[in-house]
Amino acid sequence: MTRAATLSATYADDYCCGYAAAPAEPNPGVAADLMQARAIAGGLAEFGIGSARWSAAYDREAAAVVLRVDTPRGLYALVIPRPGQPFPVRHHGERIGALDSRRTYGTADSYTAALFAAFLRDRAALDIPGRDVCPTSQNMV
27 MTRAATLSAT YADDYCCGYA AAPAEPNPGV AADLMQARAI AGGLAEFGIG SARWSAAYDR
87 EAAAVVLRVD TPRGLYALVI PRPGQPFPVR HHGERIGALD SRRTYGTADS YTAALFAAFL
147 RDRAALDIPG RDVCPTSQNM V
């Protein structure tokens, strides 16, 4: 095989790791879900979750686009549901809850990001600096 030759599907299946043929045209529903997941992730920057800590991709197990966030307690995944459904949250492959919001055209992505950050904070998976709601002896003057 010359260097300029392309991999045949049979050769790639037998000898290459991670090779998958790209679909001819992307699914418009998945593309829209990916855009929404990225918009929600953009809202997470306000809570200290930068682009190095999240990823958005289609998850075959969830059969939907998910927004994964790396936390000290592991990966949490926010599933982008069909319109009208609540946003489920998964941890270690299991559904552990859902946000108090449904996917509708009136629900702002920044609102969903704030709810997801609060969900992570409530499970001690996210430390939001400067946003303590309970005063401690260290915070009191």
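Read the sequence shown against the numbering used here and you will find it ends at 167, with the numbers running on by one and no gaps. All C-beta atoms, glycine included, are put in the ideal place defined by N, C-alpha and C.
Legend entry - Collapsed DSSP secondary structure at T97 in the structure displayed: Taking the sequence shown and counting its residues from 1, one reaches residue 97 at position 71. Three-state result, T97: strand.
Inset, instruction - Given a cut-off of 7 Å, decide if L70 and A139 are closer than it, judged by their beta-carbon atoms. - result: Position 113 of the sequence shown, counted from the start, is the residue given in the question as residue 139. Position 44 of the sequence shown, counted from the start, is the residue given in the question as residue 70. Result yes, Cβ atoms of A139 and L70 sit closer than 7 Å.
Legend entry - Own chain, CB closer than 6 Å to A103, minus 5 neighbours either side, in chain order: The residue labelled residue 103 in the question sits at position 77 within the sequence shown. For A103, where only same-chain residues beyond five positions count, the Cβ hits under 6 Å are V92, R94, R116.
Inset, instruction - State the CB to CB distance for the pair R129 and F113, rounded to an integer number of angstroms; the pair is presumed to be in contact (CB under 8 Å). - result: Start at 1 with the first residue of the sequence shown, and residue 129 comes out as number 103. Start at 1 with the first residue of the sequence shown, and residue 113 comes out as number 87. About 6 Å separates the two Cβ atoms, so the contact holds.
Legend entry - Option nearest A57 by Cα separation, candidates G74, G68, A82: Residue mapping note: residue 57 aligns to position 31 of the sequence shown, counting from 1. Answer by Cα proximity: A82.
Inset, instruction - Return the CA-CA distance between P109 and A90, expressed in angstroms with no decimal places. - result: Start at 1 with the first residue of the sequence shown, and residue 109 comes out as number 83. Start at 1 with the first residue of the sequence shown, and residue 90 comes out as number 64. Distance between the alpha carbons of P109 and A90: 12 Å.
Legend entry - Where R149 falls: helix, strand or coil (DSSP): For the purposes of this step, residue 149 is taken as the residue at position 123 of the sequence shown. Here R149 sits in coil by DSSP.
Legend entry - Cβ-Cβ distance between I66 and D135 below 7 Å: As a working mapping, residue 66 is identified with position 40 in the sequence shown. As a working mapping, residue 135 is identified with position 109 in the sequence shown. Closer than 7 Å, so yes.
Legend entry - C-beta atoms of D59 and I122 nearer than 7 Å: Reading the sequence shown from its first residue, position 33 is the one you call residue 59. Reading the sequence shown from its first residue, position 96 is the one you call residue 122. Going by C-beta atoms, D59 is not nearer than 7 Å to I122.
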